[in-house]
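Enquirer: Quick one: structure below, then a few questions.
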């Protein structure tokens, strides 16, 4: 089964739909729903939510590999981003650092994921990025700040650090406390976009930051996460609604 490539362009942001299944039955249901959603440009499979893998402490990557194979079978024409989100960055589980590395390596080795997510501050991030690249799999380096919104300069520093670490895509999500925080995220996105050699995915979380999920492309964010079913992060909007707004912003304005 050929690997589907993840194409990212802020002039036409990709809608990434999360698969948040906790077991094999939910995995099938979520993947089928994502495949049927005409608005999905990619899917993100959240491995940290998948109990057949986490129940064993995440030591053996085999259950995750089998599940990825199943997702790829059900969404053969949609690129897959495989993500294990740690609790420090808003995820649902933790595994030992060496197990995290083994998981990234095993998922990338299947050749089925268009990309794997690597938290750029993880202790084994550098090795995980190298492992993924060994298998020809792209890396989305990520950072999630639930404590607030850093200054423009700090957001830019983090995105630059991800690129310097070898990431193919740099992603950051921050939590706003005010409208000014949302502006900060968009300002940092626009500034870094002018300098970056890799695509950016940025967002301000929660209801306050929802505007960044539909208007981020104007400032240089190349993708947005939207739901077909359960959300995987605060502030995610339905994919069908997001598609309508994106079409208006990025296509309607030229007609």
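Numbering (the numbering used here), first residue to last: 2 to 256.
Where a beta carbon is used, it is the ideal one built from N, C-alpha and C, also for glycine.
No experiment lies behind these values; they were computed from the predicted model shown.
List the whole-angstrom C-beta distance separating residue 223 from residue 201, where the pair is believed to meet the contact cut-off of C-beta under 8 Å.
Expert: As a first step, residue 223 must be located in the chain shown, where it is residue number 222. As a first step, residue 201 must be located in the chain shown, where it is residue number 200. Indeed, because the Cβ distance is near 6 Å, the residues count as touching under 8 Å.
Enquirer: In whole angstroms, give me the CA-to-CA distance for residue 11 and residue 53.
Expert: Translated into positions along the chain shown, residue 11 becomes position 10. Translated into positions along the chain shown, residue 53 becomes position 52. Distance between the alpha carbons of residue 11 and residue 53: 36 Å.
Enquirer: For residue 144, which residues of its own chain have a beta-carbon under 8 Å away from its beta-carbon, when the five flanking residues on both sides are left out?
Expert: The residue given as residue 144 occupies position 143 in the chain shown. 90, 120, 121, 122, 159, 163, 172, 173, 174.
Enquirer: Report the option in 27, 179, 4, 117 whose CA atom is closest to the CA atom of residue 168.
Expert: Here residue 168 refers to the residue found at position 167 of the chain shown. If we check each option's Cα against that of residue 168, 117 comes out closest.
Enquirer: Closer than 8 Å by C-beta to residue 238: which residues in its own chain qualify, once you throw out the five before and the five after it? Chain order, please.
Expert: Along the chain shown, read from residue 1 onward, the residue named residue 238 stands at position 237. Cβ within range, chain order: 211, 214, 215, 227, 228.
Enquirer: Jot down the residue ranges of each uninterrupted beta strand (DSSP E) in the region 36–70, minimum 3 residues, whole runs only, in chain order.
Expert: 43–47
Enquirer: Report, in whole angstroms, the separation of the C-beta atoms of residue 244 and residue 16, which I expect to be a contact under 8 Å.
Expert: Numbered from its first residue, the chain shown carries residue 244 at position 243. Numbered from its first residue, the chain shown carries residue 16 at position 15. With 8 Å as the limit, residue 244 and residue 16 qualify as a contact, their Cβ atoms being about 6 Å apart.
Enquirer: Using the DSSP secondary-structure output, state which residues sit across from residue 171 in a beta bridge.
Expert: Position 170 of the chain shown, counted from the start, is the residue given in the question as residue 171. Answer by DSSP bridge pairing, in chain order: 142, 201.
Enquirer: Please state the DSSP three-state secondary structure of residue 255.
Expert: As a first step, residue 255 is located in the chain shown; it is residue number 254 there, counting from the start. Only weak support exists for where residue 255 lies, its pLDDT of 47 falling under 50; the value from the coordinates is given anyway. Residue 255 falls in the helix class under three-state DSSP.
Enquirer: To the nearest angstrom, how far is the alpha carbon of residue 125 from that of residue 97?
Expert: Along the chain shown, one-based indexing puts residue 125 at 124. Along the chain shown, one-based indexing puts residue 97 at 96. Straight-line Cα distance between these residues: approximately 10 Å.
Enquirer: Closer than 8 Å is the cut-off here; do at least three beta carbon pairs connect the region 76–84 with the region 50–64?
Expert: no
Enquirer: If you count every other CB in all the chains shown that lies within 10 Å of the CB of residue 18, and 16 or more means buried, which is it?
Expert: The sequence position of residue 18 within the chain shown is 17, counting from 1. The Cβ neighbour count for residue 18, taken over all protein chains shown within 10 Å, is at least 16; the residue is labelled buried.
Enquirer: Measure the C-alpha to C-alpha separation of residue 196 and residue 161 and round it to an integer number of angstroms.
Expert: Reading the chain shown from its first residue, position 195 is the one you call residue 196. Reading the chain shown from its first residue, position 160 is the one you call residue 161. Straight-line Cα distance between these residues: approximately 9 Å.
Enquirer: Can you tell me where the alpha helix (DSSP H) with residue 120 in it begins and where it stops?
Expert: Along the chain shown, read from residue 1 onward, the residue named residue 120 stands at position 119. No alpha helix (DSSP H) holds residue 120; the beta strand (DSSP E) holding it covers 116–120.
Enquirer: Please state whether the Cβ-Cβ distance between residue 21 and residue 4 is less than 8 Å.
Expert: Counting from one through the chain shown, the residue named residue 21 turns up at place 20. Counting from one through the chain shown, the residue named residue 4 turns up at place 3. Going by C-beta atoms, residue 21 is not nearer than 8 Å to residue 4.
Enquirer: Spatial neighbours of residue 92 within its chain, please: CB distance less than 6 Å, with the 5 preceding and 5 following residues excluded, ordered by chain position.
Expert: As a working note, residue 92 is residue 91 in the chain shown. Taken in chain order, the residues that qualify are 49, 86.
Enquirer: I'd like the span of the beta strand (DSSP E) that includes residue 226, first residue to last.
Expert: What you label residue 226 is simply residue 225 of the chain shown in a count that begins at 1. It spans 224–228 - the beta strand (DSSP E) in which residue 226 sits, taken as one unbroken run.
Enquirer: Which residues in the same chain have their Cβ closer than 6 Å to the Cβ of residue 64, if we skip the five residues on either side of it in sequence?
Expert: Here residue 64 corresponds to residue number 63 of the chain shown, with the count starting at 1. Answer for residue 64: 53, 54, listed in chain order.
Enquirer: Where does residue 141 land, buried or exposed, given buried means 16+ other C-beta within 10 angstroms?
Expert: The residue you call residue 141 lines up with position 140 of the chain shown. Result: buried.
Enquirer: In three-state DSSP terms, what is residue 166?
Expert: What you label residue 166 is simply residue 165 of the chain shown in a count that begins at 1. Residue 166: coil per DSSP, three-state reduction.
Enquirer: Can you find the residues in the same chain that come closer than 7 Å, C-beta to C-beta, to residue 255, ignoring five residues on each side of it along the sequence?
Expert: Within the chain shown, residue 255 is the residue found at index 254, counting from 1. Confidence in residue 255 is poor, its pLDDT being 47 and thus under 50, which makes the residue's placement too unreliable to answer from.
Enquirer: Kindly indicate which residue of 23, 132, 43, 75 has the alpha-carbon position closest to the one of residue 94.
Expert: Stepping through the chain shown from its first residue, residue 94 is reached at position 93. It is 23 whose Cα lies nearest to the Cα of residue 94.
Enquirer: Enumerate in chain order the residues of its own chain whose CB-to-CB distance from residue 6 is below 7 Å, with the five nearest sequence positions on each side excluded.
Expert: Walking along the chain shown from the start, residue 6 turns up at place 5. Cβ within range, chain order: 80, 115.
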